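Chains as they are written, first to last, in my numbering: chain A, 1 to 269; chain B, 1 to 269. Every residue, glycine too, gets a C-beta built ideally from N, C-alpha and C. Note that this is a predicted model, so its numbers are computed, not measured.
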């Protein structure tokens, strides 16, 4: 079997321990190309760089392994990795291992997961890995065997079109990881509490802070799985349509009078 | 009836003609607070500012109308608008009018729509408005009556929890707008073609360019509605779970050998 080509990125930057661990795992599975941000890009979500030129810096070039840093966002890294470095779609894109959970609503803010979604828009099977531990000194070794297993599964079976995977791994504890659960995104959110300060010139400024709040403790959610020491795998889509709300919104029966005086009723699809 | 409080933001910046038009419409419907970026923030998606302090600048303070600029992203503007300026949830958040379409996959990159999604995470009814015309000199007057109609509908009826609206308006043409269609997001994407250049020091750099490609011309999509001169209203959700893929991924039957030598099979929810 031909060795698969695997593109790796993250949002914590090319030197973060999480991506170094992920590179080590993926080099056992295929030829690896890394294109990762040259500085931390957390909370950059799906931002792309349109007002500045992008640059790539070759860091390593070995047999079956190339590594680049990039001055852009994680999504820029995927675009440059496929269109400029590889000039083709890889067999797999992996992102992470993020230092911090991307379960529940965190996925919306995450640069790690935006890179994964970007790959799936381009029809590339893609997986994001995150560890529920923000520390730079987080331990990843308990996760390695599971990451390899999930990546091998996706390389073997592929993923449905427009679907990517969001994998969240519990922080290491005295208890061993119990296994893998396929889940849905829990309905949690961040409760913001801005830190208001006054600068030496008497002007207010604000730092975003906040606490994560999750009222959704149902079994079947990513948060519930992690709380019970399982690895949470959420299949994700970039189709944001709330399909089951279409009929509700159609009941609005928008009626609009145009300038010519006719009444126009909205068209039901 | 008590006048509703309406929070307005955008991603083109507080002085863009699109938001000025939207402010004019919303002031007819309620008390208005504007918190919008002090500079263009297109393609910022759901990015938030965590490494820099945020500042608000009061621009206007009239009866029933306050306007602030902010140095952050559109999502920062919604957070500051609700938590610092209003210190409560408004009755409605509107974003735009964006200079350029946010139909189909554009919604994933859009700062305008990220602001709307952020509001809906906070359980505030929210609508994003975008015009399919990138020009700074775009004409908005054909859209005004429809924008008012849709905002009034949402103020009257509310929206289902976790659902917000993405409204895309065709560019003005000789033909009159035919009406409003409730749609799903079309399966289009951007085909990137980086503009590669060499700087005076001999180093490559890259500008993101690209063409939007949409193979999905079905009736019922936002793109089809706009092509036929209808206003497209897509109800949207921040639950990215691909619910119908959960059973497929469960078939992977991940089996992982842990260090203690036990075989662990993934748990079906």
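Same chain only: Cβ atoms within 7 angstroms of residue i, ignoring 5 sequence neighbours per side
i: residue 220 (chain A); result: 183 and 184
i: residue 48 (chain A); result: 73, 75 and 76
i: residue 121 (chain A); result: 238
i: residue 103 (chain A); result: 168, 186, 222, 223, 226 and 232
i: residue 251 (chain B); result: none
i: residue 162 (chain A); result: 120, 237, 238 and 239
i: residue 243 (chain B); result: none
i: residue 16 (chain B); result: 10 and 99
Top-ranked residue by Cα proximity to residue i, from the options
i: residue 138 (chain A); options: A:100, A:116 and A:129; result: A:100
i: residue 114 (chain A); options: A:156, A:89 and A:164; result: A:164
i: residue 134 (chain A); options: A:250, A:159, A:49 and A:98; result: A:98
i: residue 88 (chain A); options: A:33, A:69, A:45 and A:200; result: A:33
i: residue 247 (chain B); options: A:236, A:200 and A:190; result: A:236
i: residue 51 (chain B); options: A:41, A:52 and A:79; result: A:41
i: residue 230 (chain A); options: A:240, A:131 and A:110; result: A:131
i: residue 190 (chain B); options: B:209, B:178 and B:179; result: B:209
i: residue 85 (chain A); options: A:112, A:207, A:44 and A:36; result: A:36
i: residue 79 (chain A); options: A:61, A:54, A:43 and A:179; result: A:54
i: residue 151 (chain A); options: A:112, A:129, A:16 and A:107; result: A:129
i: residue 105 (chain B); options: B:245, B:18, B:188 and B:20; result: B:188
i: residue 141 (chain B); options: B:177, B:112 and B:60; result: B:177
i: residue 278 (chain B); options: B:22, B:175, B:17 and B:116; result: Chain B is shown from 1 up to 269; residue 278 (chain B) falls before or after that span and cannot be answered.
i: residue 107 (chain B); options: A:253, A:241, A:249 and A:254; result: A:241
i: residue 254 (chain B); options: A:253, A:153, A:173 and A:249; result: A:153
i: residue 157 (chain A); options: B:249, B:118, B:157 and B:82; result: B:249
Residues that residue i contacts on chain B, provided the C-beta gap is smaller than 8 angstroms
i: residue 153 (chain A); result: 252 and 254
i: residue 66 (chain A); result: Chain B residues near residue 66 (chain A): none, gap ~15 angstroms exceeds 8 angstroms.
i: residue 208 (chain A); result: 48, 49, 50, 54, 76 and 79
i: residue 42 (chain A); result: 50
i: residue 160 (chain A); result: 242, 245 and 248
Nonlocal neighbours in the same chain, by C-beta distance under 6 angstroms from residue i, ignoring five residues either side
i: residue 269 (chain A); result: Since pLDDT at residue 269 (chain A) reaches only 49, below the 50 mark, its modelled position is unreliable, and the value read off the structure follows with that caveat. There are no such residues.
i: residue 159 (chain B); result: 125
i: residue 3 (chain B); result: 30 and 31
i: residue 234 (chain A); result: 166, 183, 185 and 222
i: residue 206 (chain B); result: 194 and 196
i: residue 211 (chain B); result: 191
i: residue 109 (chain B); result: 43 and 45
i: residue 143 (chain B); result: 169
i: residue 14 (chain A); result: 36 and 69
i: residue 171 (chain A); result: 132 and 133
i: residue 20 (chain B); result: none
Contact set between residue i and chain A, taken where Cβ atoms lie within less than 9 angstroms
i: residue 194 (chain B); result: 54, 79, 80, 83 and 84
i: residue 37 (chain B); result: Those do not exist, as residue 37 (chain B) stays about 13 angstroms from chain A at its closest Cβ, beyond 9 angstroms.
i: residue 114 (chain B); result: 45, 46 and 108
i: residue 211 (chain B); result: Result: empty, since nearest Cβ-Cβ is about 13 angstroms, beyond 9 angstroms.
i: residue 95 (chain B); result: Ordered by position in chain A, no residue passes the 9 angstroms Cβ test against residue 95 (chain B), which lies about 15 angstroms from the chain.
Proximal residues of chain A, C-beta to C-beta of residue i below 8 angstroms
i: residue 238 (chain B); result: 105, 108 and 240
i: residue 200 (chain B); result: Correct list: empty, because the minimum Cβ distance to chain A is about 13 angstroms.
i: residue 8 (chain B); result: Result: empty, since nearest Cβ-Cβ is about 19 angstroms, beyond 8 angstroms.
Proximal chain A residues relative to residue i, where beta-carbon distance stays under 7 angstroms
i: residue 46 (chain B); result: 45, 46, 108 and 109
i: residue 157 (chain B); result: 252
i: residue 233 (chain B); result: 249
i: residue 163 (chain B); result: 242 and 245
Beta-carbon neighbours of residue i, restricted to chain B and to distances below 7 angstroms
i: residue 243 (chain A); result: 184
i: residue 205 (chain A); result: 53, 54 and 55
i: residue 121 (chain A); result: 105 and 189
i: residue 124 (chain A); result: Within chain B, no residue comes near residue 124 (chain A); the closest Cβ sits about 12 angstroms away, beyond 7 angstroms.
Close-in-space but distant-in-sequence residues of the same chain around residue i (CB under 8 angstroms, 5 per side omitted)
i: residue 27 (chain B); result: 64 and 65
i: residue 57 (chain A); result: 38, 68, 69 and 70
i: residue 179 (chain A); result: 230 and 231
i: residue 25 (chain A); result: 144, 147, 148 and 151
Under 9 angstroms from the C-beta of residue i: neighbouring residues of chain B
i: residue 59 (chain A); result: Ordered by position in chain B, no residue passes the 9 angstroms Cβ test against residue 59 (chain A), which lies about 15 angstroms from the chain.
i: residue 117 (chain A); result: 108 and 240
Would you say the segment 93-104 of chain A touches the segment 125-142 of chain A, given that touching needs at least three Cβ pairs under 8 angstroms?
yes
Ordered list of alpha helix (DSSP H) runs contained in the segment 78-129 of chain B, each at least 4 residues
106-109 and 111-121
Segments assigned alpha helix (DSSP H), at least 4 residues, entirely inside the segment 194-247 of chain A:
222-227
Would the segment 68-83 of chain A count as touching the segment 9-18 of chain B if we require 3 or more Cβ pairs under 8 angstroms?
no
At what residue ranges does the segment 157-186 of chain B contain a whole run of the beta strand (DSSP E), taking only runs of 3 or more?
Those beta strand (DSSP E) runs which fall completely within the segment 157-186 of chain B and span 3+ residues are 163-169 and 179-182.
Determine, using beta-carbon pairs with one atom in the segment 143-150 of chain B and one in the segment 212-219 of chain B, whether at least three such pairs fall under 8 angstroms.
no
Take every Cβ of the segment 195-211 of chain B, pair it with every Cβ of the segment 197-204 of chain A, and state whether three or more of those distances are shorter than 8 angstroms.
No contact exists between the segment 195-211 of chain B and the segment 197-204 of chain A.
Let me know the alpha helix (DSSP H) ranges lying completely inside the segment 19-61 of chain A, each 4 residues or longer, listed in chain order.
Whole alpha helix (DSSP H) segments, 4+ residues: zero.
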